[in-house]
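There are 2 protein chains.
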Amino acid sequence: MATRTIGIGLLGAGVVGGGVARTIFEKGKSLLYASGASIELRNVLVRDLHKSRGIDSLSDLLTTNPQDVLENPEVDVVVEVLGGQVPAKDYIFQAISNGKHVVTANKDVMAKYGPEILEAAHAKQVRVLFEATVAGGTPIIAPLQRDLSANEVIAVNGIINGTTNYILTRMARDGIDFLDALAEAQGLGYAEPDPTNDVEGIDATYKLAILASVAFQTPVFDSNVYCEGITKLTSRDFVYAAELGYTIKLIAVARKDVEGIQARVHPAFISSDTMIAKVDGVLNAIEIETDLAGRVLFHGQGAGAMPTTSSILADVIDCSRGILDGKDSSSIGFLRRNTQIRPIMDLETKYYIRMNVVERPGVLAEITRVLGDLEISIASVIQKEVDFTTLQAEIVLISNRAKESAIQQAITELAELEAVAEIGTMVRVED
Amino acid sequence: MATRTIGIGLLGAGVVGGGVARTIFEKGKSLLYASGASIELRNVLVRDLHKSRGIDSLSDLLTTNPQDVLENPEVDVVVEVLGGQVPAKDYIFQAISNGKHVVTANKDVMAKYGPEILEAAHAKQVRVLFEATVAGGTPIIAPLQRDLSANEVIAVNGIINGTTNYILTRMARDGIDFLDALAEAQGLGYAEPDPTNDVEGIDATYKLAILASVAFQTPVFDSNVYCEGITKLTSRDFVYAAELGYTIKLIAVARKDVEGIQARVHPAFISSDTMIAKVDGVLNAIEIETDLAGRVLFHGQGAGAMPTTSSILADVIDCSRGILDGKDSSSIGFLRRNTQIRPIMDLETKYYIRMNVVERPGVLAEITRVLGDLEISIASVIQKEVDFTTLQAEIVLISNRAKESAIQQAITELAELEAVAEIGTMVRVED
Chain A
5 MATRTIGIGL
15 LGAGVVGGGV
25 ARTIFEKGKS
35 LLYASGASIE
45 LRNVLVRDLH
55 KSRGIDSLSD
65 LLTTNPQDVL
75 ENPEVDVVVE
85 VLGGQVPAKD
95 YIFQAISNGK
105 HVVTANKDVM
115 AKYGPEILEA
125 AHAKQVRVLF
135 EATVAGGTPI
145 IAPLQRDLSA
155 NEVIAVNGII
165 NGTTNYILTR
175 MARDGIDFLD
185 ALAEAQGLGY
195 AEPDPTNDVE
205 GIDATYKLAI
215 LASVAFQTPV
225 FDSNVYCEGI
235 TKLTSRDFVY
245 AAELGYTIKL
255 IAVARKDVEG
265 IQARVHPAFI
275 SSDTMIAKVD
285 GVLNAIEIET
295 DLAGRVLFHG
305 QGAGAMPTTS
315 SILADVIDCS
325 RGILDGKDSS
335 SIGFLRRNTQ
345 IRPIMDLETK
355 YYIRMNVVER
365 PGVLAEITRV
375 LGDLEISIAS
385 VIQKEVDFTT
395 LQAEIVLISN
405 RAKESAIQQA
415 ITELAELEAV
425 AEIGTMVRVE
435 D
Chain B
5 MATRTIGIGL
15 LGAGVVGGGV
25 ARTIFEKGKS
35 LLYASGASIE
45 LRNVLVRDLH
55 KSRGIDSLSD
65 LLTTNPQDVL
75 ENPEVDVVVE
85 VLGGQVPAKD
95 YIFQAISNGK
105 HVVTANKDVM
115 AKYGPEILEA
125 AHAKQVRVLF
135 EATVAGGTPI
145 IAPLQRDLSA
155 NEVIAVNGII
165 NGTTNYILTR
175 MARDGIDFLD
185 ALAEAQGLGY
195 AEPDPTNDVE
205 GIDATYKLAI
215 LASVAFQTPV
225 FDSNVYCEGI
235 TKLTSRDFVY
245 AAELGYTIKL
255 IAVARKDVEG
265 IQARVHPAFI
275 SSDTMIAKVD
285 GVLNAIEIET
295 DLAGRVLFHG
305 QGAGAMPTTS
315 SILADVIDCS
325 RGILDGKDSS
335 SIGFLRRNTQ
345 IRPIMDLETK
355 YYIRMNVVER
365 PGVLAEITRV
375 LGDLEISIAS
385 VIQKEVDFTT
395 LQAEIVLISN
405 RAKESAIQQA
415 ITELAELEAV
425 AEIGTMVRVE
435 D
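Written out as structure tokens, the structure reads:
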């Protein structure tokens, strides 16, 4: 029996694209076994034909014309690893409309246009797979769609940005400040020269939007995700967190209840004895809370050429198996429901607040009165000794469960108290 | 368009079978969405028709005749949750030969007859899925077959027996003895009245055989797995482990190198800062070490009716999607290769040895001479003060990497030394 060939068109040959191309060349035989088909690279869209890419067999396949890939009748699956919205989004829609399956690593595009893309794919009876958009080499999209398919997902909770997790790990372990940790991460290549997307939480909102969409089978866009970065955390917050039995992590949480879905990315105090608290350095972890399986955690590399290649090729292999089986469009989209998205003000959790106050009798009473009037009760308070140059004391408190709207109001009111010199940090506390 | 119905025949309605039946009844609509088909329970094999099972809709479906399930033309998928080898194995082969897909939770049967069963399934163009055989509700089989399909697996390393992990966690945290921890586990229903299968590591060898077979795509049987239980560990070993920066876990490891596969289940010292060391209580975790994705860890419930139901129904849904797509036998078996299995004597790792010695000068020199002659060097030694009633001292040492055969020989020779009163425990140390 002749072996069927599956033709791959690659959009982009940067770090990830280069990894995909090299692996397809090097692993021909094992990809054949895994997929049942001979997986062959047809052509590769690049910006510069003459840049050296260290892969000899690649040079004949390079093109600067996207149509060479998108319209090539011998391309069955288009792998998009350009990143960014323009022109990647248009290429994805074109590939679909030309009847090609698409495997993409593009979180920006999937977070903004995922539902539209999946709808277009459904109409054209092709598949769009995007395992590589979240958590690099760590499987999470397919496990949600396949392995946990009998479950209702209650919550998704994870660490899905390696850059910030590296910075927070260094701050927690070695007491260094944010800017020093950032500079170090940049030196190691873990953070970009412009780190905004990572440290402000934006990258994580893309990934959480995708995860939540798949988990809850309803469109969740990045604009639906509350977003707060890690730039306001100080080394003092890490000291208090440790004292109180917590670790500070940038978490991405999406939780569903009868009133809707709440999706948020922000720093949080996490109990130090949970698995999520133990995720260190650039690693990622995602915990899925379900009705049947309980909590299932997936932990691994969140970025890097080879881990991302692993996820992309898993999708390519899955696609190829489907093509051989005569399977057309997968019925697994995330368009089934249209669940309400709830604002952050509806959140109810515990809160950590650190503030500097004037050292005089009655200050703590004033603070607790403000909180009490807003029905916020205090679970624990630490008052640190006076700074003799400023005559200020530091108060750290953790509230019992309270409404975000009440806490926000409390912070406004506390800041107006004469006795309060400065509200330092507010961090949500996850149980 | 009429909805296709997928008929399920259930073999067994015990704790897990009851969970499967109840969930099929309760989740009709969401299973329909997930699978694309209406999933209907046709009939259920039980031993006793009159036992109350707390599910009203079940009573009409019960039968004591296996042929009612195995020969029912309206059964597309047979779900086997009887456990044990007899008669489950025969029923599985019968179901296959009647052209039915099989979903099984039976680790005993899959560890002993997996390759044969998959071969039979291949010949009859049906699928046999067995996610529930390993780690309960934690996905691991399908991720190996799908999400990591582009990778070469280098090693599988996990905690896959919740009973022993509960016991070891209690021993480590609270300093209690094995028998007390076991009694407590039995009281909580985590250990069977006859705990042999769990505490002697046998249950874990079944699961590791299945995992290794899938990971390395070659038949590995339970009889190929070296097996050592946790019954010889004492509370003193946990004290020393903690002192030396380790946690003691019953690990299941299968590792492949150019010479073959080594598969083993035994207690091990694990560095306390690894994720595996942090897996507590009855939870399970499996780390897959690969060439592309690096290390990926899956963590979750290892047992229980609902988690196991989650895995079984994921397989049922996958099977149903395949039936709707006109997909027949999956090409994903574990029969591709025939890799050499290596004996435990070939292992090379570090070793912890605890022994009681007579307190007199020169004893440590005698011990190090025995080890040195066998080319075993010592990484660290702890000598504890004399017990004044027996006049014995306790020596604890950790070796550098050495051959298992050399260590076994050393233990024999050490035990013959006049100065050595007793070899207490030998535990392998994983890096």
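In order, the protein sequences belong to chains A and B. Quick note on the working numbering: the first sequence kicks off at 5 and runs consecutively. Quick note on the working numbering: the second sequence kicks off at 5 and runs consecutively. All residues carry an ideal CB built from backbone N, CA and C; glycine is no exception.
Q: Quick one: grab the DSSP three-state call for B/Lys-31.
A: coil
Q) Looking at C-beta atoms only, is the number of pairs between the stretch 23–33 of chain B and the stretch 403–411 of chain A that lie closer than 8 Å three or more? A) no
Q. Excluding sequence positions up to five away, which residues of its chain have a Cβ less than 7 Å from the Cβ of B/Ser-335?
A. The predicted position of B/Ser-335 is uncertain, since its pLDDT is 48 and thus under 50; no value can be drawn from it.
Q. Does B/Glu-123 come within less than 8 Å of chain A when only Cβ atoms are used?
A. no
Q | Sub-8 Å separation of A/Ile-321 and A/Leu-35 beta-carbons | A | yes
(Q) Would you say A/Tyr-210 lies against chain B (beta-carbon separation less than 8 Å)? (A) no
Q) Can you tell me whether DSSP reads A/Leu-74 as helix, strand or coil? A) helix
Q. Mind checking whether B/Leu-212 and B/Ala-159 have CB atoms under 8 Å apart?
A. no
Q) Heavy atom of the ligand MG less than 7 Å from the Cβ of B/Thr-416, yes or no? A) This structure lacks the ligand MG; in fact it carries no ligand of any kind.
(Q) Using C-beta distances below 8 Å, list every residue in its chain close to A/Gln-396, excluding the 5 sequence neighbours before and after it, in chain order. (A) Asn-360, Val-361, Val-362, Glu-363, Val-390, Ala-425
(Q) Mapping the DSSP letters down to three states, classify B/Val-431 as helix, strand or coil. (A) strand
Q) Quick one: does B/Ser-335 have its CB under 8 Å from some CB of chain A? A) With a pLDDT of 48 at B/Ser-335, under the threshold of 50, the modelled position of this residue cannot be trusted; read the value that follows with caution. Answer yes: the Cβ-Cβ gap between B/Ser-335 and chain A drops below 8 Å somewhere.
Q) Which of helix, strand or coil does DSSP assign to A/Gln-305? A) strand
Q) Using DSSP with H/G/I as helix, E/B as strand and the rest coil, what is A/Leu-212? A) helix
Q. How about A/Leu-186 and A/Pro-197: are their beta carbons less than 8 Å apart?
A. no
Q) What whole-angstrom Cβ distance do A/Thr-209 and A/Val-229 have, given they're in contact under 8 Å? A) 4 Å
(Q) If you follow the beta strand (DSSP E) that B/Met-359 is in, where does it begin and where does it stop? (A) 352–362
Q. With distances taken from CA atoms, which of A/Ala-246, A/Thr-238, A/Thr-394 is nearest A/Gly-428?
A. A/Thr-238
Q. Can you tell me the Cα-Cα spacing of A/Asp-226 and A/Lys-116, whole angstroms?
A. 6 Å
Q: Measure the CB-CB distance between B/Ile-171 and B/Phe-182 and report whether it falls below 8 Å.
A: yes
**Q.** Whole-number beta carbon distance between A/Leu-148 and A/Val-218, since they are thought to touch under 8 Å
**A.** 5 Å
Q: Starting from the beta carbon of B/Lys-33, find every residue of chain A whose beta carbon is closer than 8 Å, and list them in chain order.
A: What B/Lys-33 touches in chain A: nothing, since even the nearest Cβ is about 11 Å away.
Q | Beta-carbon neighbours of A/Gln-1, restricted to chain B and to distances below 9 Å | A | Given that chain A is displayed from residue 5 to residue 435, the structure contains no residue 1 of chain A and the question cannot be resolved.
Q: Taking a Cβ distance cut-off of 7 Å, strictly less, list which residues of the stretch 372–406 of chain A are near chain B, in chain order.
A: none
Q. When burial is assigned at 16 or more other CB atoms within 10 Å of the CB, is A/Glu-232 buried or exposed?
A. buried
Q. If you check the beta carbons only, do A/Gly-87 and A/Arg-46 fall under 8 Å apart?
A. no
Q: Could you check the C-alpha separation between A/Val-79 and B/Pro-347 for me, to the nearest Å?
A: 47 Å
Q | Members of the stretch 160–180 of chain B that neighbour chain A once the beta carbon cut-off is set at 7 Å | A | none
Q. How is the alpha helix (DSSP H) around A/Ser-63 delimited, first residue to last?
A. That residue, A/Ser-63, is in no alpha helix (DSSP H); it is neither H nor E in DSSP.
(Q) What does the Cβ neighbour count give for B/Asn-161, buried or exposed, with the cut at 16 atoms within 10 Å? (A) buried
Q. How would you call A/Ser-384, buried or exposed, if buried means at least 16 neighbouring beta carbons within 10 angstroms?
A. exposed
Q. How would you label B/Gly-16, buried or exposed, when you count the other beta carbons within 10 angstroms and need 16 or more for buried?
A. buried
Q. What in chain A is Cβ-close to B/Tyr-37, meaning under 7 Å?
A. Arg-340
Q: Please list the partners that A/Phe-302 has in chain B, where partner means a Cβ-to-Cβ separation under 7 Å.
A: Phe-302
Q: Write down the C-beta distance between A/Val-400 and A/Arg-358 rounded to the nearest angstrom, noting that I regard them as a contact closer than 8 Å.
A: 5 Å
Q: Using the Cα positions of B/Gly-11 and B/Glu-44, report the straight-line distance between them to the nearest angstrom.
A: 5 Å
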